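J.: So the sequences go chain by chain: A and B.
Numbering follows the numbering used here, with no gaps: position 57 of the first sequence is 57.
Counting the second sequence from 1 gives a position; the numbering used here is that position plus 1000.
Number of protein chains: 2
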Amino acid sequence: MCMKSAQSVTASDVARLAGVDRSTVSRILNRSFDQHHYAPETIDAVQKAAKSLNYRPSSTARALRTGRTMLAGLIVADISNSFFGQLAAAIEVGLRSHNYRLMIASTSEDLATQCRHLDDMIHQGVDGIIISPAGNKGIAHAVSSGTPVVLVDRPLSGVSWPYVGIDNHNAARQLGEYLRELGYQTIGVVLPQSKDDPTLKWRLRGLEIGLGKRGRVVWKHAVSLRTGEADRRALSQRLSQSPNLDVVVGLTNDCTVTAMEALRDAGRRVPDEIGLAGVDDFRAAQLLDPPLTVVSQPIESIAAKAVSYLLDAMSGHPRTEDCLLPSQLIVRRSLRLPNGNTDHLDNFGSIGNKETSR
Amino acid sequence: MCMKSAQSVTASDVARLAGVDRSTVSRILNRSFDQHHYAPETIDAVQKAAKSLNYRPSSTARALRTGRTMLAGLIVADISNSFFGQLAAAIEVGLRSHNYRLMIASTSEDLATQCRHLDDMIHQGVDGIIISPAGNKGIAHAVSSGTPVVLVDRPLSGVSWPYVGIDNHNAARQLGEYLRELGYQTIGVVLPQSKDDPTLKWRLRGLEIGLGKRGRVVWKHAVSLRTGEADRRALSQRLSQSPNLDVVVGLTNDCTVTAMEALRDAGRRVPDEIGLAGVDDFRAAQLLDPPLTVVSQPIESIAAKAVSYLLDAMSGHPRTEDCLLPSQLIVRRSLRLPNGNTDHLDNFGSIGNKETSR
DNA sequence: TTGTAAGCGTTATCAC
DNA sequence: GTGATAACGCTTACAA
Chain A
1 MCMKSAQSVT ASDVARLAGV DRSTVSRILN RSFDQHHYAP ETIDAVQKAA KSLNYRPSST
61 ARALRTGRTM LAGLIVADIS NSFFGQLAAA IEVGLRSHNY RLMIASTSED LATQCRHLDD
121 MIHQGVDGII ISPAGNKGIA HAVSSGTPVV LVDRPLSGVS WPYVGIDNHN AARQLGEYLR
181 ELGYQTIGVV LPQSKDDPTL KWRLRGLEIG LGKRGRVVWK HAVSLRTGEA DRRALSQRLS
241 QSPNLDVVVG LTNDCTVTAM EALRDAGRRV PDEIGLAGVD DFRAAQLLDP PLTVVSQPIE
301 SIAAKAVSYL LDAMSGHPRT EDCLLPSQLI VRRSLRLPNG NTDHLDNFGS IGNKETSR
Chain B
1001 MCMKSAQSVT ASDVARLAGV DRSTVSRILN RSFDQHHYAP ETIDAVQKAA KSLNYRPSST
1061 ARALRTGRTM LAGLIVADIS NSFFGQLAAA IEVGLRSHNY RLMIASTSED LATQCRHLDD
1121 MIHQGVDGII ISPAGNKGIA HAVSSGTPVV LVDRPLSGVS WPYVGIDNHN AARQLGEYLR
1181 ELGYQTIGVV LPQSKDDPTL KWRLRGLEIG LGKRGRVVWK HAVSLRTGEA DRRALSQRLS
1241 QSPNLDVVVG LTNDCTVTAM EALRDAGRRV PDEIGLAGVD DFRAAQLLDP PLTVVSQPIE
1301 SIAAKAVSYL LDAMSGHPRT EDCLLPSQLI VRRSLRLPNG NTDHLDNFGS IGNKETSR
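(1) Is residue 1304 of chain B helix, strand or coil when you go by DSSP?
(2) Please return the same chain residues whose Cβ sits closer than 7 angstroms to the Cβ of residue 1265 of chain B, not counting the five positions on each side in sequence.
(3) Buried or exposed: which applies to residue 1305 of chain B, given that a residue is buried once 16 or more other Cβ atoms fall within 10 Å of its Cβ?
(4) Taking only beta carbons into account, state which residues of the stretch 1101 to 1114 of chain B come closer than 8 angstroms to chain A, listed in chain order.
(5) Within 10 Å of its beta-carbon, does residue 1083 of chain B have 16 or more other beta-carbons around it, so buried, or fewer, so exposed?
(6) Between residue 13 of chain A and chain B, is there a C-beta pair that is closer than 8 angstroms?
(7) For residue 152 of chain A and residue 143 of chain A, which I take to be in contact (beta-carbon distance under 8 angstroms), what is that distance rounded to the nearest angstrom?
(8) Looking only at its chain, what residues have a beta carbon closer than 8 angstroms to the beta carbon of residue 1298 of chain B, apart from the 5 residues adjacent to it on each side?
(9) Against chain B, does residue 325 of chain A count as a neighbour if the rule is that its beta carbon must be under 8 angstroms from one of theirs?
(10) Below 6 angstroms CB to CB, which residues in the same chain sit around residue 1135 of chain B once its five sequence neighbours on both sides are set aside?
(11) Does the distance from the CB of residue 186 of chain A to the CB of residue 276 of chain A come in under 8 angstroms?
(12) Using C-beta distances below 8 angstroms, list every residue in its chain close to residue 1347 of chain B, excluding the 5 sequence neighbours before and after it, in chain order.
(13) Output needed for residue 353 of chain A: all residues of its chain with C-beta closer than 8 angstroms, excluding positions within five of it in sequence on either side, in chain order.
(14) Between the Cα of residue 303 of chain A and the Cα atoms of A:313, A:88, A:289, A:76, which residue gives the shortest distance?
(15) Name the DSSP beta bridge partners of residue 101 of chain A, please?
(16) As an exercise, report each continuous alpha helix (DSSP H) stretch of at least 4 residues that is fully enclosed by the stretch 1224 to 1310 of chain B, in chain order.
(17) For the stretch 1273 to 1292 of chain B, which residues have a beta carbon sitting closer than 7 angstroms to at least one beta carbon of chain A?
(18) For the candidate residues B:1334, B:1338, B:1317, whose alpha-carbon lies nearest to that of residue 1146 of chain B?
(19) Compare the beta carbon distance of residue 1188 of chain B and residue 1223 of chain B with 8 angstroms and say whether it is the shorter of the two.
(20) Residues in the stretch 1060 to 1082 of chain B with C-beta within 7 angstroms of chain A's C-beta atoms, listed in sequence order?
(21) Note down, in chain order, each residue of its chain lying with its Cβ closer than 8 angstroms to the Cβ of residue 336 of chain A, except the 5 sequence neighbours on either side.
(22) So if DSSP puts residue 1164 of chain B in a beta bridge, which residue, or which two residues, is it bridged to?
(23) Rounded to whole angstroms, how far is the Cβ of residue 1063 of chain B from the Cβ of residue 69 of chain A, which I believe are closer than 8 angstroms?
(24) Using a C-beta to C-beta distance shorter than 8 angstroms, which residues of chain B count as neighbours of residue 93 of chain A?
(25) Got a sec? Which residues, its chain only, sit under 6 angstroms from residue 1090 of chain B by beta carbon, not counting five neighbours each side?
(26) Count the other CB atoms, across all protein chains shown, that sit within 10 Å of the CB of residue 8 of chain A; report buried if there are 16 or more and exposed otherwise.
(27) DSSP three-state call for residue 328 of chain A: helix, strand or coil?
(28) Are the CB atoms of residue 1150 of chain B and residue 1309 of chain B nearer to each other than 8 angstroms?
(29) Could you please tell me which residues of the stretch 1118 to 1129 of chain B, in chain order, have their CB closer than 9 angstroms to any CB of chain A?
(30) Going by Cα to Cα distance, which pick from A:258, A:45, A:311, A:31 is closest to residue 14 of chain A?
(31) Using a Cβ-Cβ cutoff of less than 7 angstroms, which residues in the same chain neighbour residue 26 of chain A once the five nearest sequence positions on both sides are dropped?
(32) Please list, in chain order, the residues of the stretch 1246 to 1267 of chain B that have any C-beta partner in chain A closer than 9 angstroms.
(33) Could you check what DSSP says for residue 220 of chain A in three-state terms: helix, strand or coil?
(34) Flag this pair as yes or no: are the beta carbons of residue 128 of chain A and residue 148 of chain A separated by less than 8 angstroms?
(35) Any chance the CB of residue 238 of chain A is under 7 angstroms from a heavy atom of the ligand ATP?
(36) If the criterion is Cβ atoms closer than 8 angstroms, does the pair residue 1293 of chain B and residue 1162 of chain B meet it?
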């Protein structure tokens, strides 16, 4: 009841009030009844004292003593991107339900920044890190620290860290096959500028394989991370110079939006004159005119699995196998359908794969 | 050169290698040259030793000793909302450039959760907190802790914490006046369910004042935080039951999107049959059909000011005055214009819209 | 110009 | 069953 300035209430204060030793307070409050059987009255006294003083152990002191900070780190390219925003939100609540707090950092796809953040967090003493890496340069140093790391959204070759996310190759191939079936052959691709993101290569390759022999990616247009007016105009101009283009594919949500803007600026009607599709779903995708056909990722599941993997690793039981979650082709109206065949649309709503995966 | 397991390199290790005392290491590395003038050779030896061992002081130990964690907290309703996502991103880089790390928590507009997070962070030892409060219940307890707090996006009455953000009353009034000038009179408002967010009341009041005597808010429709299908349908139904409605106003970005969805579901054409406008701009707003007229907030400036306020407070020089940043009416095409008067649109441009002509 | 030693608040080891 | 005591890694009077 006696609300003291909270901050400065220490275990010694509680001990004094309860008439016991600091260590007794610590053990009782931590439920360390392993070897120690306390008198019920002592337990009661300590608990009452702690409550009345509103005692909360200093996590700093505890961290120093135990070596665990109960802090996890999340490193992504850009937390303001809706994909990472949703991911972060889900990860935060997941971790919090296990008493971990979350620290967040953005790399802006810059490898040096990523390296700094990794180093920072490790030295800061986080118990584990979830990262969507911009690339694998400078990672080796972090790997030797021993801090558990889980890769999310983007796999990395050459490290032992497990990856949680969709199979990007497959997801893009699925989209490619769908495009092929609809008769699209001349494709323009919009992708982020991040040179070292391996995911983009997988998506690109998967797309091309899905498109088959007759399909051709005639250009790849890179846009900046926080897409702006300049990107929009440049892309729009490129579109004007490509009158024979069949369809545009955005490799991330931002890219797809930028593509949509540019198509509108260039005065190309979707899907009649030209098709549009993308990887990553987003809130407004179904609101646009036309609603966008996309491959969507199961963000909540990815977050849940990533958290679960990290918790395992932090408790000393690291998983080594990757966790591939299913992506989903969401058919809307930004691609023209083959004449007279409409039920085909439903088939694709839930399709997996029928070919050999690699 | 000798890359040791990083984690366990302590100041004593550096001291031993340099042939000096721990305290010497500490002082030199912290540039505490106030009273201590070291021999250049000592300085050199220490720095070399530190670098060769890749020494980084344990922030935990430092925090315990100094009482400063170099950690700041951000508490918002939902980090996956694009507004808060952008805000968080900007705040994070701002703080980081001053060597502060950022911890993030979401309240889902729940007062109990907010209270818990505040308490958590304070006891966790953060040096300061930036919060977009869900309400002022349970805040008193936090205020007495002495931890500096800056309010962002939502002001709070009865506390000494400074507020950084737009003038919500004014912003909404601006929109209301614009609606009145366009001849709108019968208004439906869509707002989030958060019962205790004072901002919503201000926006509502400002809107009504701007609308003037002849304007009437005929209903207010509350939707859940992570707006879903159910909200969409319920709102759609309400719209169907309001055939005489002039215009719908969304009080947040999500609300406006939901309104757009519902209007589409209900088959009401915007802006011909009914108008739509909102508070908060978002990436896809200009891409929708029609592009949405909104009042936008200067997110970057808000973040920068909030960081600046927090830094001041954390360094012992708290500001007490609020910081009101200018909002901006962005006129697009989701409201019908008065017959035959089009340059009126340009007049409003001078208030600060950046309408994209095409 | 540098070293000594105390102490931040916990928890873990040992003793009784 | 419970209490003393050391230690985690760092900073900072106070000495020298």
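We put the beta carbon where it would ideally sit given N, CA and C, even for glycine.
Bear in mind the structure is a predicted one, so any value in this text is a computation, not a measurement.
T.: If we stick to the structure as given:
(1) The residue given as residue 1304 of chain B occupies position 304 in the second sequence. For residue 1304 of chain B, the three-state secondary structure derived from DSSP is helix.
(2) Mapped onto the second sequence, residue 1265 of chain B falls at position 265. Cβ neighbours of residue 1265 of chain B beyond the five flanking positions: 1232, 1236.
(3) The count along the second sequence starts at 1 and reaches residue 1305 of chain B at position 305. Buried.
(4) Result list: 1101, 1102, 1103, 1104, 1105, 1106.
(5) Taking the first residue of the second sequence as position 1, residue 1083 of chain B is located at position 83. Counting Cβ neighbours within 10 Å, residue 1083 of chain B comes out buried, since at least 16 surround it.
(6) Residue 13 of chain A sits at position 13 when you count from the first residue of the first sequence. At a cut-off of 8 angstroms between C-beta atoms, residue 13 of chain A does not count as an interface residue with respect to chain B.
(7) To locate residue 152 of chain A, count along the first sequence from 1; it is residue 152. To locate residue 143 of chain A, count along the first sequence from 1; it is residue 143. Residue 152 of chain A to residue 143 of chain A, Cβ: 16 angstroms. No contact.
(8) On the second sequence, position 298 is the one that residue 1298 of chain B refers to. For residue 1298 of chain B, same chain residues with a beta-carbon under 8 angstroms away, outside a window of 5 residues either side, are 1166, 1325, 1326, 1327, 1328 in chain order.
(9) As a first step, residue 325 of chain A is located in the first sequence; it is residue number 325 there, counting from the start. Taking a beta-carbon distance threshold of 8 angstroms, residue 325 of chain A does not count as an interface residue toward chain B.
(10) Taking the second sequence and counting its residues from 1, the one referred to as residue 1135 of chain B is at position 135. If we look at residue 1135 of chain B and ignore the five residues flanking it on each side, its Cβ neighbours are 1111, 1196.
(11) Your numbering for residue 186 of chain A matches position 186 in the first sequence. Your numbering for residue 276 of chain A matches position 276 in the first sequence. It is not a contact, given that the beta carbons lie outside the stated cut-off.
(12) Counting from 1 along the second sequence, the entry for residue 1347 of chain B is found at position 347. Any reading at residue 1347 of chain B needs caution, since the residue's pLDDT is 40, under 50, leaving its predicted position unreliable; the model's value is listed next. Its chain contains no residue whose beta carbon lies nearer than 8 angstroms to that of residue 1347 of chain B once the 5 sequence neighbours on both sides are disregarded.
(13) Numbered from 1 along the first sequence, position 353 holds the residue referred to as residue 353 of chain A. Here the model assigns residue 353 of chain A a pLDDT of 35, short of 50, so the residue's position is not dependable, and the following value carries that caveat. If you ignore the 5 residues before and after residue 353 of chain A, its C-beta comes within less than 8 angstroms of the C-beta of 170, 173, 174, all in its own chain and listed in chain order.
(14) Stepping through the first sequence from its first residue, residue 303 of chain A is reached at position 303. Out of A:313, A:88, A:289, A:76, A:88 has the C-alpha closest to the C-alpha of residue 303 of chain A.
(15) Here the question's residue 101 of chain A lines up with position 101 in the first sequence. Bridge partners of residue 101 of chain A: A:71.
(16) Entirely contained in the stretch 1224 to 1310 of chain B, the alpha helix (DSSP H) runs reaching 4 residues are, in chain order, 1229 to 1240, 1253 to 1265.
(17) Listed in chain order, the positions of the stretch 1273 to 1292 of chain B with a beta carbon within less than 7 angstroms of a beta carbon of chain A are 1283, 1284, 1287, 1288, 1289.
(18) Within the second sequence, numbered from 1, the residue matching residue 1146 of chain B stands at position 146. Of B:1334, B:1338, B:1317, the residue nearest in Cα terms is B:1317.
(19) Along the second sequence, read from residue 1 onward, the residue named residue 1188 of chain B stands at position 188. Along the second sequence, read from residue 1 onward, the residue named residue 1223 of chain B stands at position 223. No, the Cβ-Cβ distance between residue 1188 of chain B and residue 1223 of chain B is not below 8 angstroms.
(20) Residues 1060, 1061, 1063, 1064, 1069, 1078, 1079, 1080, 1082.
(21) Indexing the first sequence from 1 puts residue 336 of chain A at position 336. Closer than 8 angstroms at Cβ, skipping near neighbours: 182, 271, 272, 275.
(22) As a first step, residue 1164 of chain B is located in the second sequence; it is residue number 164 there, counting from the start. Answer by DSSP bridge pairing, in chain order: B:1152, B:1323.
(23) By one-based count along the second sequence, residue 1063 of chain B stands at place 63. By one-based count along the first sequence, residue 69 of chain A stands at place 69. Contact between residue 1063 of chain B and residue 69 of chain A is absent: CB atoms are separated by about 10 angstroms, not below the 8 angstroms threshold.
(24) Sequence index remark: in the first sequence, residue 93 of chain A carries index 93 (1-based). Simply 1106.
(25) Position 90 of the second sequence, counted from the first residue, corresponds to residue 1090 of chain B. Take residue 1090 of chain B, set aside five residues on each side of it, and the residues of its chain with a beta-carbon closer than 6 angstroms to its own are 1300, 1303, in chain order.
(26) Taking the first sequence and counting its residues from 1, one reaches residue 8 of chain A at position 8. In the assembly as shown, residue 8 of chain A is an exposed residue. Its beta-carbon has fewer than 16 other beta-carbons within 10 Å.
(27) As a working mapping, residue 328 of chain A is identified with position 328 in the first sequence. It is a strand residue.
(28) If you number the second sequence from 1, residue 1150 of chain B lands on position 150. If you number the second sequence from 1, residue 1309 of chain B lands on position 309. With contacts defined as CB atoms closer than 8 angstroms, residue 1150 of chain B and residue 1309 of chain B qualify as a contacting pair.
(29) Of all residues in the stretch 1118 to 1129 of chain B, the ones placed with a Cβ closer than 9 angstroms to any Cβ belonging to chain A are 1119, 1120, 1121, 1122, 1123, 1124, 1125, in chain order.
(30) The residue labelled residue 14 of chain A in the question sits at position 14 within the first sequence. Residue 14 of chain A has its Cα closest to that of A:45, out of A:258, A:45, A:311, A:31.
(31) Counted from its first residue, the first sequence places residue 26 of chain A at position 26. Cβ contact annotation for residue 26 of chain A (same chain, cutoff 7 angstroms, sequence separation greater than five): 11, in chain order.
(32) Within the stretch 1246 to 1267 of chain B, the qualifying residues are 1254, 1257, 1260, 1261, 1264.
(33) For the purposes of this step, residue 220 of chain A is taken as the residue at position 220 of the first sequence. It is a strand residue.
(34) Numbered from its first residue, the first sequence carries residue 128 of chain A at position 128. Numbered from its first residue, the first sequence carries residue 148 of chain A at position 148. Contact: yes.
(35) Only the bare structure without any ligand can be found here, which leaves the ligand ATP out of the picture.
(36) To locate residue 1293 of chain B, count along the second sequence from 1; it is residue 293. To locate residue 1162 of chain B, count along the second sequence from 1; it is residue 162. In this structure, residue 1162 of chain B does not lie closer than 8 angstroms to residue 1293 of chain B by Cβ.
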